[in-house]
Ligand SMILES: [Mg+2]
Ligand SMILES: [Zn+2]
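In my numbering, the protein residues as written are 13 to 247.
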């Protein structure tokens, strides 16, 4: 039986919205959109983009907490975590978002013990903040604050397969370094275009449904998982 290590994106995958966008729209001083445009034009890496945007935040800790507590998650995510843990596999959150927000949100669901690899948010004054990227990696084409492909390479061993659950651009580099992808939104098209082993999902209800296919696959993981995963219960 294959053992799997599961890497799970946060914004847009676990959380319904993008937490960083919500916070920037609410609390950033003017200028954060121009920084975003530079990133879109390829003039700025996503790591530097977020660092500069966070330095424009003007909010108290209470205001931040209030905004975070409005964020909703996919209601099936806690059940997915428990299903993974029952099989004895490992699961962690890898995110190019904010560690503080992720931990606070997950703790509302009793999931604060999940390992989180994300950018580190530090309060530097009553209303000022700084972003550090302890999981950035040089040599990654994306240069995100959290390099997900580096994390994927770390957890992948001969005995352990890696599964990525994600939805967007911050997952592109990792998608090419894992054994299988549960893909949402923009990540579906990326996996198709690059011929990556994946199955499209709408949310964690689907992910729960597809877990047993991973459990029963053996050497020919790609073929067998693909075959069983293609037997979707609904379109
Ligand atoms: Mg995402
Ligand atoms: Zn990477």
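Ideal placement from N, C-alpha and C gives every residue a C-beta, glycine not left out.
What does the Cβ neighbour count give for residue i, buried or exposed, with the cut at 16 atoms within 10 Å?
| i | result |
| --- | --- |
| residue 94 | exposed |
| residue 183 | buried |
| residue 111 | buried |
| residue 166 | exposed |
| residue 225 | buried |
| residue 27 | buried |
| residue 113 | buried |
Quick check: residue i and residue j, are their CB atoms within less than 9 Å of each other?
| i | j | result |
| --- | --- | --- |
| residue 51 | residue 175 | no |
| residue 195 | residue 205 | no |
| residue 131 | residue 123 | no |
| residue 164 | residue 156 | no |
| residue 41 | residue 69 | yes |
| residue 160 | residue 19 | yes |
What is the DSSP secondary structure of residue i, reduced to helix, strand or coil?
| i | result |
| --- | --- |
| residue 112 | helix |
| residue 212 | strand |
| residue 104 | strand |
| residue 120 | coil |
| residue 20 | strand |
| residue 136 | strand |
| residue 84 | coil |
| residue 40 | strand |
| residue 147 | coil |
| residue 26 | coil |
| residue 175 | strand |
Taking 8 Å as the cut-off, is the C-beta of residue i nearer than that to any heavy atom in ligand 2?
| i | result |
| --- | --- |
| residue 186 | yes |
| residue 154 | yes |
If I measure Cβ to Cβ from residue i and keep anything under 8 Å in the same chain, skipping five residues before and after, which residues do I get?
| i | result |
| --- | --- |
| residue 208 | 187, 188, 193 and 202 |
| residue 251 | No answer is possible for residue 251: it lies beyond the span of the chain, which begins at 13 and ends at 247. |
| residue 121 | 85, 89 and 90 |
Using a Cβ-Cβ cut-off of 7 Å (strictly less than) and excluding sequence neighbours within five positions of residue i, which residues of its own chain qualify?
| i | result |
| --- | --- |
| residue 72 | 138 and 139 |
| residue 34 | 79 and 83 |
| residue 179 | 21, 24, 25, 196, 197, 198 and 199 |
| residue 57 | 155 |
Can you give me the Cβ contacts of residue i inside the same chain, cut-off strictly under 6 Å, excluding the 5 residues immediately before and after it?
| i | result |
| --- | --- |
| residue 210 | 193, 195 and 203 |
Any heavy atom of ligand 1 closer than 8 Å to the beta-carbon of residue i?
| i | result |
| --- | --- |
| residue 25 | yes |
| residue 49 | no |
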